[in-house]
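A.B. asks: Submitted below is the structure of interest, expressed as structure tokens.
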Amino acid sequence: MGVKWLLGLILVLISSSCAVIRYEPVYKLALLAPFEGRYREVGYNALYAARLALKDTGQITLLPVDDGGSAEHAQARAKALERDRSVIGVIIVSPNAIDENTLDQFTSLPAIVIGEWGAQPTPHVFIASNPLIPNMVTIPLKTELLDAANYSEPVTGGAVLALSQFPELSPNPTQVTVLSSSLLPDEAFRQRYISSDIFAPEPNLWATLTFDMSDFFKRAINKAPTREAVHTYLMQETYRGINGAIHFIDGYWQEAPIYHYGYNDEGELIPLNDFVEEW
27 MGVKWLLGLI LVLISSSCAV IRYEPVYKLA LLAPFEGRYR EVGYNALYAA RLALKDTGQI
87 TLLPVDDGGS AEHAQARAKA LERDRSVIGV IIVSPNAIDE NTLDQFTSLP AIVIGEWGAQ
147 PTPHVFIASN PLIPNMVTIP LKTELLDAAN YSEPVTGGAV LALSQFPELS PNPTQVTVLS
207 SSLLPDEAFR QRYISSDIFA PEPNLWATLT FDMSDFFKRA INKAPTREAV HTYLMQETYR
267 GINGAIHFID GYWQEAPIYH YGYNDEGELI PLNDFVEEW
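Per our numbering, the sequence shown runs over residues 27 to 305.
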């Protein structure tokens, strides 16, 4: 009787131990971008670049958040992300989510803005672009796509001129100069990118920088997964990736390059004589 009772107890203990499941905490990196409407190509390009950077990272999950298609909706999304304590960082690739009211929502959540949209840094928002670009353009960085395409004279601008739709809408895209701190993907990156998912589009101008900033966040989160620690990491550390050395000072990428791009006769965005400025 004693032996049977002991065997039964052992079986119960074994069953109980097998039922114990230990879950590792999952930390979220949000991607605030347009996934619907005219600018959706921006969001989907960023999505696959960020996924590629976070591949095989079990404890960090990407949280894509549509910007809602307007500044008002983007502000509401930003406010919701700030309140969600499971979100450790956010990457912003959006013309709708760069105004002061939206970026001011991030009071503890560290964020990085990618693309030349006219955003300004805040205590928790970093701009992955050269601050001199706004003074070098001939049309405002916040110009809408259709308005930008209607310019007939030669123009110099930012991210809106680099959209894949632009050469189809513009009567003379070869008269356009695009300024950016992001490198165009080379063939090696392009192959990695399009091979990462059957739905991945052709990588655009900001794909390499989205990859780099996602990897920067990944390293910060792996070191210490709290908002405060990630924010400190982004302020203090230098990241070295596809786009070279990236170090933020006063919210801007210190010594960020300024690449000059233009369109060839086939409507392809290409470097203009390897022209690069640094500040």
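Virtual Cβ for every residue (Gly too), placed ideally from N, Cα, C. For clarity, every value in this text was computed on a predicted model and none was experimentally measured.
1) For Leu167, which residues from the same chain have a beta carbon less than 8 Å from its beta carbon, with the 5 sequence-adjacent residues on both sides left out?
2) I'd like the ranges of any beta strand (DSSP E) spanning at least 3 consecutive residues and lying wholly in the segment 188 to 228.
3) Buried or exposed for Asp93, going by 16 or more other Cβ atoms inside 10 Å?
4) From this set, Ala97, Leu231, Asp110 and Pro136, which residue's C-alpha is nearest Ile247's C-alpha?
5) From Lys81, Lys54 and Phe61, pick the residue whose C-alpha is nearest to that of Ser222; which is it?
6) Taking Tyr177 as the reference, which of Ala106, Tyr265, Thr200 and Thr264 has the closest Cα?
7) With H, G and I counted as helix, E and B as strand and the rest as coil, what does DSSP make of Ile138?
8) Do you know offhand how far Leu210's Cα is from Thr87's?
9) Report the start-end ranges of each alpha helix (DSSP H) in the segment 223 to 259 that is 4 residues or longer and not cut off at the edges.
10) Output the boundary residues of the beta strand (DSSP E) element that contains Leu172.
11) Would a C-beta distance cut-off of 8 Å place Ala102 and Ala123 closer than the cut-off?
12) Relative to the C-alpha of Leu89, which residue among Tyr278, Pro121, Gly63 and Ala59 is closest?
C.D. replies: Taking the definition as stated:
1) Glu142, Trp143, Gly144, Ile159, Pro160, Gly183, Gly184, Ala185 and Val186
2) List check, beta strand (DSSP E) in window: 202 to 206.
3) buried
4) Pro136
5) Lys81
6) Comparing Cα-Cα distances from Tyr177 to each of Ala106, Tyr265, Thr200 and Thr264, the minimum goes to Thr200.
7) Strand.
8) 26 Å
9) 233 to 249
10) Premise fails: Leu172 lies in the alpha helix (DSSP H), Leu171 to Ala175, not in any beta strand (DSSP E).
11) no
12) Ala59
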